[in-house]
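In this note's numbering, the protein residues as written are 168 to 384. Quick reminder that beta carbons are idealized off the backbone N, C-alpha and C, glycines included. Structure, as structure tokens:
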Amino acid sequence: MDDSLSFESFCEGAKKAAHRAMEDHGREEYDEFALHAGVAVERLAKAVLVSKNPVYIVEIRGNASVDMLFHMGGHRKAKKVRTIGASEAISRLRTLEVLALDKELDMLIDVRNGVAHTGSEEDAKDFLPILAKTVETLLGDLGGPLAAFWGRWTTAARMAVDNKRGEIYRNVQVRIRQAKHRYDDRFSDLPEHLQDRLAVEQLELGGFGVRFAENGV
168 MDDSLSFESF CEGAKKAAHR AMEDHGREEY DEFALHAGVA VERLAKAVLV
218 SKNPVYIVEI RGNASVDMLF HMGGHRKAKK VRTIGASEAI SRLRTLEVLA
268 LDKELDMLID VRNGVAHTGS EEDAKDFLPI LAKTVETLLG DLGGPLAAFW
318 GRWTTAARMA VDNKRGEIYR NVQVRIRQAK HRYDDRFSDL PEHLQDRLAV
368 EQLELGGFGV RFAENGV
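Structure, rendered in structure tokens:
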């Protein structure tokens, strides 16, 4: 079977796209966020299907589907590699009762495919919770830990779907973590003594922020 269609390849592709989506969201590049979020969902959905049976990602369309069946079975190479798209992958996972019907997820995929458009670029930022929730559901089926997938974005992803907190609180906490990662990326190449100085300044600003919050201002 083609290595690009392997479970490992789909998982790694999903992980990279999901991290890019988080970075895009933090930079307020919401169109790019929707694109990468959709790619992450598609690749992770295909990883789940492949984990159950590689033929589940074969597109059923004429003689090409027969070639792909043999290709996925490892018996011969198809002349043209063709697999299902995101919408069909999600549909098949719903048939298998891995995913439930969700209009927000369908909208995210439609926006990613260019089939639908949000009212404005900023509206796409609201897809963050559905990305985090879908990833969590798919990883749950695979038995994979969130931390291994999300890495430094684990806390932000968990916060995005924390129903015990209010929406404003969740959004603020996600923004704080996104800002921290942008800061780390921007200043990681600085000499150590400058990084130490910035760290001290951060602590001072953090202390001010706590006092500011405690004063209820």
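Measure how close the beta-carbons of residue i and residue j come, nearest whole angstrom, since I'm counting them as under 8 angstroms.
i	j	result
Ala188	Ala207	6 angstroms
Val328	Pro296	6 angstroms
Asp191	Glu179	Going by Cβ atoms, the distance from Asp191 to Glu179 rounds to 19 angstroms, so no, they are not a contact pair.
Is residue i helix, strand or coil by DSSP?
i	result
Val265	coil
Val328	coil
Glu196	coil
Ser173	coil
Asn220	coil
Lys292	helix
Leu318	Per the sequence shown, residue 318 should be read as Gly rather than Leu. Residue state, collapsed to three classes: helix.
Gly180	helix
Gly307	helix
Lys300	helix
Lys213	helix
Gly205	helix
Lys270	helix
Taking the beta carbon of residue i as the centre, do at least 16 other beta carbons fall within 10 Å, making it buried, or is it exposed?
i	result
Gly318	exposed
Lys247	exposed
Pro221	buried
Gly281	exposed
Gly193	buried
Ala184	buried
Are residue i and residue j closer than 8 angstroms when you measure CB to CB?
i	j	result
Leu309	Ser218	yes
Glu226	Ile257	no
Ala299	Ala324	yes
Ala201	Phe174	no
Arg261	Ala267	yes
Phe294	Ala204	yes
Thr301	Leu272	yes
Ala181	Arg228	no
Ile224	Ser254	no
Ala249	Met239	As written in the sequence, residue 249 is Arg, which differs from the Ala given in the question. It is not a contact, given that the beta carbons lie outside the stated cut-off.
Looking only at DSSP bridge pairs, what is residue i linked to?
i	result
Val225	Thr250
Step through the CB atoms of chain B and report whether any lies within less than 8 angstroms of the CB of residue i.
i	result
Leu216	In the structure shown, chain B does not exist; there is a single protein chain.
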